[in-house]
Amino acid sequence: MIQFLDFPTFVRTKAASERYVMPITQANINSPGRTLTDQSDPIPRVSVIVAMKRHEASPFLGSLQHQEYESAYEILLVRGGNRSQARNVGIANSRAALIAFIDADCEAPSSWLATLTERVPDDQTIAGVGGVSESRRASPIFERAIDATFSSYFGSLDSPSLISIPETKKQFVKALSGHNCIYRKTILVEFGGFDERFRLNEDTDLCARLRQKGYRLLLDRKIFVYHERRKTVAKFASQFFWYGVGRARSMLTNRRCIDARVIGLFLLAPSLLITLYVLPTVGEAVLLGYLFVVLAASFVGARRTGAINVLPLSASLLVLEHCSYFVGLLLGIFLGPWNEAKMSNSIQVERHVILPRD
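Rendered as structure tokens:
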């Protein structure tokens with residue numbers, strides 16, 4: 031069942047960059063299928079899809095409603111199901127030729143949508159464009175330390191979901207992160223959207239399928255969103271533990287998701303323990319080498335973020351990140367591949383249509 035929700039009309043006036051927000055009112059409509067739209071409303075140029083948990087709030091909806099964008103666009107808040115299912119429901123109910131994705135815990139700068147759509151090239155072999163994220167400059171020191179951790183290769187492995195330094199660099203990549211990206215709808219439909227077995231790494235799997243068919247993916251680090259960081263050490267460790275679980279289960283589900291760097295990390299830990307036991311001197315040298323790399327990477331990250339004072343905390347977080355991820359990989363291997371997904375009994379779709387001001 032797909033349920034469309036009524037909500038109050040949101041109207042803005044005054045500034046030239048503001049928009050009128052017109053809700054589509056379709057309350058308590060049941061449908062056996064996944065496509066349900068009102069074709070009488072203006073056709074937006076881009077649909078912004080936010081996959082959310084059932085009772086999750088949308089604290090950053092206002093940042094999406096106040097975009098400096100000169101064409102009509104729509105925002106689809108999809109609650110229920112796993113993330114792949116929610117995004118697929120959003121795709122099916124979108125009415126635009128371009129589909130952008132952003133996570134519920136991300137705040138979009140006012141220029142985000144305009145910059146994102148401008149970066150979509152005419153080259154039809156480029157299936158999608160994505161960006162990176164950072165925390166706000168006024169964030170607490172713990173969140174700045176996380177940014178520093180993610181700002182080195184050793185802390186992010188150049189994953190778009192973790193990279194924390196917006197810059198002018200553009201590059202073709204293996205995958206885009208679902209927290210800040212845009213695709214052509216025709217391509218998403220052609221490939222059947224996201225594989226709904228994947229509770230995590232669904233964006234990695236989609237991108238792997240696209241690349242197998244010859245499509246390319248462009249990462250533009252100038253496109254960024256503000257991403258809320260974890261507030262405590264325990265939450266940070268939990269985040270990477272579940273990342274490890276998700277990566278292991280995804281690699282076991284389909285070899286498209288296998289990453290040699292992850293396998294290398296997985297093999298490094300037991301190899302180090304065995305070496306420490308069999309050849310203590312060699313093992314200690316390897317351990318010291320690892321700690322030196324951690325310190326060097328933390329220094330690079332702290333300098334890049336302009337927060338050298340977070341260096342000790344960032345180094346500690348980097349070790350915690352690796353350990354938590356490794357333990358998660360172990361559990362993921364134990365749990366095995368992702369199971370076939372069961373469709374949620376009820377998914378709520380809340381649509382906001384943003385029109386250019388006359």
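For the sequence shown, the residue numbers in the numbering used here are 31 to 388. Positions of the beta carbon are idealized from the N, C-alpha and C atoms, including for glycine.
With C-beta atoms as the reference, is residue i less than 8 Å away from residue j?
{"i": "Tyr307", "j": "Glu164", "result": "no"}
{"i": "Thr179", "j": "Ala205", "result": "no"}
{"i": "Ala138", "j": "Ser88", "result": "no"}
{"i": "Ala157", "j": "Leu146", "result": "no"}
{"i": "Arg279", "j": "Gly160", "result": "no"}
{"i": "Ser376", "j": "Phe228", "result": "no"}
{"i": "Phe364", "j": "Leu295", "result": "no"}
{"i": "Phe266", "j": "Gly358", "result": "no"}
{"i": "Val340", "j": "Arg166", "result": "no"}
{"i": "Asn231", "j": "Arg291", "result": "no"}
{"i": "Gly6", "j": "Arg117", "result": "The requested residue 6 is not part of the displayed model; the chain covers only 31 to 388."}
{"i": "Leu106", "j": "Ile73", "result": "no"}
{"i": "Pro386", "j": "Ser101", "result": "yes"}
{"i": "Ala345", "j": "Val324", "result": "yes"}
{"i": "Ala126", "j": "Lys215", "result": "yes"}
{"i": "Ser140", "j": "His96", "result": "yes"}
{"i": "Ile348", "j": "Ser328", "result": "Rather than Ile, the amino acid found at residue 348 in this sequence is Leu. Contact flag set, yes."}
{"i": "Ile217", "j": "Tyr245", "result": "yes"}
{"i": "Leu282", "j": "Gly366", "result": "yes"}
{"i": "Pro190", "j": "Val219", "result": "no"}
{"i": "Ala371", "j": "Glu226", "result": "yes"}
When you compare each of the options to residue i by their alpha carbons, which one comes out closest?
{"i": "His352", "options": "Ser141, Gly160, Ser186", "result": "Ser186"}
{"i": "Gly331", "options": "Pro300, His85, Asp188, Glu220", "result": "Asp188"}
{"i": "Ile132", "options": "Tyr320, Lys199, Trp142", "result": "Trp142"}
{"i": "Gly208", "options": "Gly274, Cys136, Ile217", "result": "Cys136"}
{"i": "Ile212", "options": "Pro151, Ser182, Glu226", "result": "Pro151"}
{"i": "Leu249", "options": "Lys243, Val219, Leu318, Leu192", "result": "Leu192"}
{"i": "Gln269", "options": "Ile338, Leu350, Ser328, Pro190", "result": "Leu350"}
{"i": "Gln201", "options": "Asn369, Val76, Ile253", "result": "Ile253"}
{"i": "Thr155", "options": "Arg241, Phe90, Asn210, Phe184", "result": "Arg241"}
{"i": "Ser169", "options": "Arg109, Arg75, Arg260, Pro310", "result": "Arg260"}
{"i": "Val76", "options": "Leu303, Leu236, Tyr103", "result": "Tyr103"}
{"i": "Ile171", "options": "Thr305, Val108, Thr262, Lys83", "result": "Thr262"}
{"i": "Gly336", "options": "Leu360, Asn284, Ser181, Thr311", "result": "Ser181"}
{"i": "Met373", "options": "Gly92, Glu98, Arg109", "result": "Arg109"}
Does DSSP put residue i in a helix, a strand or coil?
{"i": "Ser141", "result": "coil"}
{"i": "Met373", "result": "coil"}
{"i": "Asp177", "result": "helix"}
{"i": "Leu385", "result": "strand"}
{"i": "Leu25", "result": "Past the edges of the chain, shown from 31 to 388, lies residue 25, and the structure says nothing about it."}
{"i": "Ile59", "result": "Annotation note: pLDDT 26 at Ile59 (below 50); position unreliable, no value reported."}
{"i": "Val162", "result": "strand"}
{"i": "Phe228", "result": "coil"}
{"i": "Ala99", "result": "Sequence check: residue 99 is Tyr here, not Ala. Coil, per DSSP."}
{"i": "Thr65", "result": "Model confidence at Thr65 stands at a pLDDT of 40, short of 50, so the residue's coordinates are unreliable and nothing is read from them."}
{"i": "Met52", "result": "For Met52, the pLDDT reaches just 36, beneath the cut-off of 50, and the residue's location in the model is therefore unreliable, although a value from the coordinates is still provided. Residue state, collapsed to three classes: strand."}
{"i": "Ile193", "result": "coil"}
{"i": "Glu104", "result": "strand"}
{"i": "Ala157", "result": "strand"}
{"i": "Ala391", "result": "With the chain represented from 31 up to 388, any question about residue 391 goes unanswered, as that position is not in the structure."}
{"i": "Ala122", "result": "helix"}
{"i": "Ala81", "result": "strand"}
{"i": "Glu86", "result": "coil"}
{"i": "Trp272", "result": "helix"}
{"i": "Ala337", "result": "coil"}
{"i": "Trp368", "result": "coil"}
{"i": "Ser169", "result": "coil"}
{"i": "Leu298", "result": "helix"}
Tell me residue i's beta-bridge partners as DSSP assigns them.
{"i": "Leu128", "result": "Val76, Arg214"}
{"i": "Gln201", "result": "Leu249"}
{"i": "Ile363", "result": "The partner list for Ile363 (beta bridge, DSSP) is empty, contrary to what the question assumes."}
{"i": "Cys136", "result": "His257"}
Counting along the chain, where does the beta strand (DSSP E) carrying residue i start and finish?
{"i": "Arg260", "result": "Arg260 -> no beta strand (DSSP E), and no H or E assigned at all."}
With residue i as the anchor, note down where its alpha helix (DSSP H) starts and where it stops.
{"i": "Gln242", "result": "232–242"}
{"i": "Gln95", "result": "91–95"}
{"i": "Phe221", "result": "Careful: Phe221 lies outside any alpha helix (DSSP H) and carries neither H nor E."}
{"i": "Arg286", "result": "From DSSP, Arg286 is part of no alpha helix (DSSP H); its letter is neither H nor E."}
{"i": "Val150", "result": "First-last for Val150: undefined, no H or E at that position."}
{"i": "Thr311", "result": "310–334"}
{"i": "Ser207", "result": "That residue, Ser207, is in no alpha helix (DSSP H); it is neither H nor E in DSSP."}
{"i": "Ser186", "result": "183–186"}
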